[in-house]
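So the protein sequences, as listed, match chains D and C. For the first sequence, position 301 matches number 301 in UniProt numbering, and the numbering has no gaps at all. For the second sequence, position 405 matches number 405 in UniProt numbering, and the numbering has no gaps at all. One structure below.
Number of protein chains: 2
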Amino acid sequence: MTAFESLLAFQRQTEALSSIAERLGWDQETVMPRGATEQRAEEMAAIEGVLHERRTDPRISEWLDRAEARDEKEQRILELIGREHRRAARVPARLATELARQTSLSQGIWAEARANDAPDDFMPVLNDVLMLKREEAAALADGGDLYDALLEDYEPGATQAEIAALFDAMRPRLVALREDVLGADHQPQALSGHFAQETQLRLARTCATAFGYDWSRGRMDLAVHPFSSGRWQDSRITTRVVETDPFNCLYSTIHEVGHSSYELGIDDDYAFTPLGRGVSMGVHESQSRIYENQIGRGRALTSWLYQRMNDAFGGLSIADADAFYGTVNKVTPGFIRTEADEVQYNLHIMLRFDLERQLISGRLDTEDLVEAWNARFLNDFGVAVDRPANGVLQDVHWAVGLFGYFPTYALGNVYAGCLNAAMRGDLPDLDASLTKGAADPAVEWLRENVQRHGGLYAPRQLIELAIGGEVSEEPLLNYLETKFGEIYRL
Amino acid sequence: MTAFESLLAFQRQTEALSSIAERLGWDQETVMPRGATEQRAEEMAAIEGVLHERRTDPRISEWLDRAEARDEKEQRILELIGREHRRAARVPARLATELARQTSLSQGIWAEARANDAPDDFMPVLNDVLMLKREEAAALADGGDLYDALLEDYEPGATQAEIAALFDAMRPRLVALREDVLGADHQPQALSGHFAQETQLRLARTCATAFGYDWSRGRMDLAVHPFSSGRWQDSRITTRVVETDPFNCLYSTIHEVGHSSYELGIDDDYAFTPLGRGVSMGVHESQSRIYENQIGRGRALTSWLYQRMNDAFGGLSIADADAFYGTVNKVTPGFIRTEADEVQYNLHIMLRFDLERQLISGRLDTEDLVEAWNARFLNDFGVAVDRPANGVLQDVHWAVGLFGYFPTYALGNVYAGCLNAAMRGDLPDLDASLTKGAADPAVEWLRENVQRHGGLYAPRQLIELAIGGEVSEEPLLNYLETKFGEIYRL
């Protein structure tokens, strides 16, 4: 075997083991018995220990030194393995396994604290996680910026300075749009009623199928915080049900279908290589957000959904598809990020981005976090948080150590704005399909231009190849102003 | 750290990784998308590769040389780690991973072939598995007996000669009893009707609860072939449903509760040490079989079950609890081992034991297996197998490489016979509880005398400590002759 082949054979096993770790995470959040938390934490620590040992294996350096790439794919594989190897080498094994153990434990404690609205039960554990993440960030940063070092895990190449500048550019137009919308004379009708869990789940399956989800390589389960999990032949989605708000379930489902379809859409030849995973969380969120919003909350698709919901729930209180389009996109001063409309969503992200930068830099302690969250929320949204489950406890991310993840949602929205503009240019008749509940042309366009490439191109490069131009926040902001201007008759 | 502590810390991680591999197996047989077979085979191969590398790690020998045990528990831990180390060292890494990959793949192919009644689709794959198992057996046996080398994985210390002698001693009385029973004038009534899946599953949960299953550390799912999986804080059961035969679901459930309760009943201090698993499959089957039969199919428990089934299904066609006791224990010339009555069950095992010894020794080829099975079945049971799904395709074991496992069922029955006699002596009022659907006194007796010890004692030693005497087939045969003599009025 050549050095390249030896390296790739070794990497394939590492990829398989990392896929196992991800499957265990799925198990924990969906089907694991509640009494198994300590055991699972030990298991997660053990497999993370194995992964860390493999990623830091000294043979990788030797293989990398001797390996010769025959084309750009092999070149990229070497680059990605090298990056993973160098990053892992900076983190002590003890810290890597301790993080796996601690985040597995804290996930359950967060879920319980959220259910009981008891932030005091969670904050000490969050602090443990935060201290470990700061230690990890210091190890990874090697004298550089702590937050950037963590961001690199989710959006390789991005920096907090660049993201802060992007957010500064976006904020004024988003705030202005929100004020116009909330103050508009015309306000869309809200949906009211009781929507049975079974019916919601049946309809969620219908939506997933309409968005091309491959059920032979996936499944759908319930989770406290919806997520998708897995790659290649096995990428599963989760959803949740609120019986007064069916949009929560339906749009969570469509969002997760976007994530899973990205993984399932990657070229089969890349399976269990570093090319066989989504390239960044920003690109991942571009897929989930474009499925959910630009496609899923568009006029064409919602006209189909209006019929399906009428059939499923036996008559909605909304008069027609046009009114329903307004209902789906109604902007209200809500607390929950995952339920937020497209206008306010990025403002939720900016709040988290700023707070987590303070946590990582040490300018904010977890014991002051509830207060800091509530003050910032009141400032940004003009409403006081009513209870912790609607505030700082709403998201799972920090509990499981995902500091640096949140900004990728907003980056994903920006990418989705760019992709949507290019896709609509290429597919002028897309709405005719969407009106019939068939998202295939959009799904195929995204698979062809984004998903199939997996990790082959760097995130921004991938999007720029897909759209044939530069990434900018302009398409997203223009789209939002046009869409909500029309709905709110501004 | 002392050598003992270093070894134990290393072993704890190995145990955690082995628990992960078992959880992946559960996932594959219950919830995994059907398109994920190749991926799962790669994952199983990767984790088996890691396990093999750890079990053969040269540091284990060094630690074992230097480790000092302070008590019998530590002594036993060293003994079990040493045994695992020596066995793993005999098997090449390539073979260990190839077996994991091949048995993961063949499990799915078997399930499909069984569903389609198509043995030709399965036999080539079975042959691949068999060749690998023969290679493994040769490596493990190191010049000794191939079958004994495999048996050691399931029943340490047992030999095929000893089991063959046991079966020779049992067979005449079992055959005579079966002839008497099938020829008796009085024949219990069979159960007929249609029994809805949902109701069966609800009742199965009631039964599991009655047998003390700890739902906070377990769950129940459907599988083609019921099994239990996991240890410590997470031992899950599976069941299956045949809508014309509710006993299939109910007694499969109780059987698997026996297995899981054994694992969950082990002293918590032994978790993720070699003492923290059931000591052998024979002892495991003693628990599942005593739950299912001596307790579950006894007169007292069935009188409670009769009421529960009447309530659940709205009136059975059986007149009273006494008649129902006969119905539950009715002996019919059936094809399926897992549905077999207690009289014929061991005869099903003997057939498999003989055929698999021939397969492993090379005296029988997989291409002649269907014919050999059918001929032997006709000879032993006097009935021609009607279709392969009722013959050689009925069991998953060979597909997943479990050659040497089958005799442990019969050994488990013999152990269960011994345990039942001792338990009834200690608990003269047990039936009064069972009549009320409360198996706790029996469950507690078994936990105290068998389950909590985990791997501390060798299998036969454990049973002999529990019963205060020698293991013998007499109690089982006496119990069967008395029970069926009474039911059939012989």
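From the three backbone atoms N, C-alpha and C, an ideal C-beta is built for every residue, glycine too. Source: prediction; values computed, not measured.
Among the residues facing chain C, VAL242 of chain D is not included, as its CB has no counterpart in that chain under 7 Å away.
Within chain D, no C-beta atom comes nearer than 9 Å to that of MET220 of chain C; the closest sits roughly 11 Å away. The three-state secondary structure of SER280 of chain C, taken from DSSP, is coil. With a cut-off of 8 Å on Cβ pairs, the segment 222-236 of chain D is in contact with the segment 244-263 of chain D, counting three or more such pairs. Of all residues in the segment 199-232 of chain D, only ASP214, TRP215, SER216, ARG217, GLY218, ARG219, ASP221, GLY230, ARG231, TRP232 place a beta-carbon less than 9 Å from a beta-carbon of chain C. Neighbours of GLY49 of chain C across chain D, judged by C-beta separation under 7 Å: GLN13. Here the segment 156-174 of chain C makes contact with the segment 444-464 of chain C; the two share three or more CB pairs at distances below 8 Å.
ALA96 of chain D sits close to HIS52 of chain D, with the two beta carbons spaced by under 7 Å. Taking the beta carbon of GLY35 of chain C as reference, the chain D residues within 7 Å of it are SER216, ARG217, GLN233, listed in sequence order. With a threshold of 7 Å between beta carbons, GLU43 of chain C makes contact with chain D. For PRO333 of chain D and VAL383 of chain D, the gap between their C-alpha atoms comes out near 7 Å.
According to DSSP, LEU222 of chain D shares a beta bridge with D:THR239. Between the segment 472-484 of chain D and the segment 165-176 of chain D, the count of C-beta pairs closer than 8 Å reaches three or more; the two stretches touch. For the segment 20-32 of chain C, residues whose beta-carbon sits nearer than 8 Å to a beta-carbon of chain D comprise ILE20, ARG23, LEU24, ASP27, VAL31, MET32. With its beta carbon at least 7 Å from every one in chain C, GLN107 of chain D lies outside the interface. Interface criterion not met: the Cβ of LEU7 of chain D is under 7 Å from no Cβ in chain C. Secondary structure note for SER228 of chain D: it is in no alpha helix (DSSP H), and the uninterrupted beta strand (DSSP E) holding it is 228-231.
Think of a sphere of 7 Å around the beta carbon of ALA16 of chain D: the chain C residues whose beta carbon falls inside it are GLU42, GLU43, ALA46, in chain order. Listed along chain D are TRP232, GLN233, ALA271, each with a C-beta nearer than 9 Å to that of GLU38 of chain C. Under the three-state reduction of DSSP, ASP128 of chain C is assigned to helix.
D:SER288 is the residue among D:VAL129, D:SER288, D:ASP117, D:VAL370 whose C-alpha sits nearest the C-alpha of HIS255 of chain D. Distance check between GLU62 of chain C and each of C:SER6, C:GLN451, C:GLY278, C:ILE360 places C:SER6 closest, using alpha-carbon atoms only. Boundaries of the alpha helix (DSSP H) harbouring ASN379 of chain D: 369-381, taken from the DSSP string.
Shown here, ASP365 of chain D sits in coil according to DSSP, grouped into three states, outside any helix or strand. In the three-state DSSP reduction, ASP153 of chain C falls in the helix class (H, G or I).
The beta carbon of ALA149 of chain D sits closer than 6 Å to those of ALA137, LEU140, ALA141, all from its chain and outside the five residues before and after it, given in chain order. When DSSP states are grouped into helix, strand and coil, ASP431 of chain D belongs to the helix group. For THR408 of chain C, the enclosing alpha helix (DSSP H) covers residues 407-426. Of the residues assessed, TRP110 of chain C falls on the buried side of the cut-off, its CB having 16 or more other CB atoms within 10 angstroms. Annotation for GLU292 of chain D: TYR251, ILE254, HIS255 place their beta carbon closer than 6 Å to its own, counting only its chain and skipping 5 residues before and after. Around the beta carbon of ASP429 of chain D, a 10 Å sphere encloses fewer than 16 other beta carbons of the protein chains shown; the residue is thus reported as exposed. With contact defined as three or more Cβ pairs closer than 8 Å, the segment 431-451 of chain C and the segment 310-317 of chain C are not in contact. For PRO33 of chain D, no alpha helix (DSSP H) encloses it, and the DSSP letter there is neither H nor E. The Cβ neighbour count for TRP304 of chain C, taken over all protein chains shown within 10 Å, is at least 16; the residue is labelled buried. Listed in chain order, the non-local C-beta contacts of ASP380 of chain D below 8 Å within the same chain comprise LEU347, MET350, LEU351, local neighbours out to five positions each way being set aside.
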